[in-house]
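Below: one structure, written as structure tokens.
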Amino acid sequence: MNSILEKLPEDQKKLLKKKAQPTTINVMLATLTHNHFYDPDWLYEHKLDGERCIAIKKGKKVSLESRNHKSMNVSYPEIEEAIKRIDASVILDGEIVAFKDGLSDFSRLQQRMHASSAEEAQKTRIAVYYYIFDIIYLDSYDLRALPLITRKHILKKVITFKKPLRFTPHEFKASASYFKSVCKKGWEGLMVKYKDGTYQSKRSTDWLKFK
């Protein structure tokens, strides 16, 4: 067992499932709500305007997939190379983004999304970043039954976050004034996630969107 998993409390170790690494994953999807609430049992992340990406690394092979299982390797070769440097077999969930004037900008990212080769993607000179917010699999173990907050702790230990890989930060002490400040900054909104929730490969009310 990976040394990071060995250090988990015994009750959480029991939630781990040893299994062959899946070749693909159906992503967990958030539910839009207009019922904004602020609860310390939930965590609040920046809602980024980008492209969802599942990164699957087995040995030295890396597959980047969209939420619809479309290969993304050609469009984002620098992210593929960064994932290759992770010293573990993993499945990660996150969002690929490009920025304009300090904000994630989907129209700017589109210039990379439809590249027909890695060379064409790099010629755009548009910098992209992979904001990782979850880890689903680590070295022979399925982590989906673990609480979200535990998965995030594992994620921070497994990966050295440097360009173009970034950890998606979160807040616990959100409030109505915090949400207003987010709106003033021009953010898309917030992703709100139940901190003790499991990873469900479907749309769930354990993940919510505040827009």
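Quick note on numbering: the numbering used here labels position 25 of the sequence shown as 60, and the sequence is numbered without any gaps.
Ideal Cβ positions, reconstructed from N, Cα and C, are used throughout, including at glycine.
- When the beta-carbon positions are compared, Ser216 and Tyr73 stay at least 8 Å from each other.
- Of the residues Ala123, Leu144, Val125, Glu80, the one whose Cα lies closest to the Cα of Ser110 is Leu144.
- In the DSSP assignment, Ala90 falls within the beta strand (DSSP E) that extends over 86-93.
- In the three-state reduction of the DSSP assignment, Val193 falls in the helix class, which pools H, G and I.
- Using a Cβ distance threshold of 8 Å, Arg87 and Glu130 count as a contacting pair.
- The straight-line gap separating the alpha-carbon atoms of Glu113 and Pro199 is approximately 7 Å.
- For Ile184, the closest C-alpha among the options Leu50, Leu78, Gln56 is that of Leu78.
- Along the stretch 40-109, the alpha helix (DSSP H) occurs as fully enclosed runs of 4 or more residues at 45-48, listed in sequence order.
- Within the DSSP secondary-structure output, Glu130 pairs in a beta bridge with Arg87, Tyr166.
- Residue nearest to Gln235 within the set Ile60, Gln56, Ala156 is Ile60 (criterion: CA-CA distance).
- With a threshold of 16 other beta carbon atoms within 10 Å, His149 falls short and is exposed.
- In the three-state scheme derived from DSSP, where H, G and I count as helix and E and B as strand, Ile161 is classed as coil.
- Annotation: Lys219 to Lys92 spans about 38 Å, alpha carbon to alpha carbon.
- With a cutoff of 8 Å on beta-carbon distance, Ile89 and Val193 are scored as not near each other.
- Within its own chain, the residues whose Cβ lies closer than 6 Å to the Cβ of Tyr164, once the five positions on either side in sequence are excluded, are Val132, Pro199, Arg201, listed in chain order.
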